[in-house]
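In my numbering, the protein residues as written are 11 to 138. Data block below; observations after.
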Amino acid sequence: MIRKNLHLIISVLVVFPAALFYGLFPDKTLPVLLDFEVHSTDLKSVFRAIMGLYIAFSLFWIVGIFNSNFWKASTLSNGIFMSGIAIGRIVSLFFDGKASDLFFFGFFGEAVLGLFAFYQYVKYNHST
């Protein structure tokens with residue numbers, strides 16, 4: 011069971027804390043690792059919305075871990091989520107140049123997890 015759900019488990023362990031980092035106190039946490047300040051209410055709202063989205067996906071992946079009826083949908087959503095973020099980082103690389111090392115490293119993790127989720131889907135699709 012752990013091997014089949016490894017992509018979901020790793021994703022939850024990364025995405026849920028990232029959600030809290032982005033959204034709980036964006037004016038306090040984001041300037042610590044990122045190169046900008048968060049002063050406006052609108053910008054805080056954007057990061058809290060991202061937090062909500064990340065938490066929602068994390069909860070859906072947890073459902074997929076514990077309920078095999080949701081495994082396929084959770085796995086596909088995981089692959090799409092991670093691949094989508096990785097593609098967004100590639101677009102940013104072309105338009106904006108290389109981001110900080112944190113985001114550059116994050117791209118590789120997101121790309122690997124996205125591909126791993128699709129691999130898992132193909133590998134275990136017959137058994138769910």
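Each residue gets a CB set at the ideal place from its N, CA and C atoms; glycine is no exception. Keep in mind that this is a model prediction, so the values were computed, not measured.
Q: Kindly confirm or deny that the stretch 123 to 135 and the stretch 84 to 93 touch, where touching means at least three C-beta pairs closer than 8 angstroms.
A: With a cut-off of 8 angstroms, the stretch 84 to 93 and the stretch 123 to 135 count as touching, because enough Cβ pairs lie within range.
Q: Please state if the CB of Trp-71 and the CB of Ser-21 are separated by a distance shorter than 7 angstroms.
A: Taking the first residue of the sequence shown as position 1, residue 21 is located at position 11. Taking the first residue of the sequence shown as position 1, residue 71 is located at position 61. Yes, these two residues count as a Cβ contact at 7 angstroms.
Q | Pro-27 beta carbon less than 7 angstroms from that of Phe-57 | A | Counting from 1 along the sequence shown, the entry for residue 57 is found at position 47. Counting from 1 along the sequence shown, the entry for residue 27 is found at position 17. No; because the gap between Cβ atoms is not below 7 angstroms, this pair is not in contact.
(Q) Going by DSSP, what residue range makes up the alpha helix (DSSP H) through Met-92? (A) In the sequence shown, residue 92 corresponds to position 82, counting from 1. Element bounds for Met-92: 81 to 106.
(Q) In whole angstroms, give me the CA-to-CA distance for Lys-38 and Thr-51. (A) Locating residue 38 in the sequence shown gives position 28, counting from the first residue. Locating residue 51 in the sequence shown gives position 41, counting from the first residue. Each residue's Cα considered, the two are about 13 angstroms apart.
Q) Can you give the Cα-Cα distance for Phe-46 and Ala-29, rounded to whole angstroms? A) Taking the sequence shown and counting its residues from 1, one reaches residue 46 at position 36. Taking the sequence shown and counting its residues from 1, one reaches residue 29 at position 19. Approximately 18 angstroms, taken between the alpha carbons.
Q) CB-CB under 8 angstroms to Phe-104, same chain, minus the five flanking residues each way: which ones, in chain order? A) To locate residue 104, count along the sequence shown from 1; it is residue 94. If we look at Phe-104 and ignore the five residues flanking it on each side, it has no Cβ neighbours.
Q | Buried/exposed call for Gly-33, threshold 16 Cβ in 10 Å | A | Counting from one through the sequence shown, the residue named residue 33 turns up at place 23. With 16 or more other Cβ atoms within 10 Å, it is buried.
(Q) Beta-carbon within less than 8 angstroms of Ser-68's beta-carbon, same chain only, minus the 5 sequence neighbours each way: which residues are those? (A) Against the sequence shown, residue 68 aligns to sequence position 58. Sequence-distant partners of Ser-68 (beyond 5 residues in either direction) whose C-beta falls short of 8 angstroms from its own C-beta, in its chain, are Ser-21, Val-22, Val-25, Phe-26 and Ala-29.
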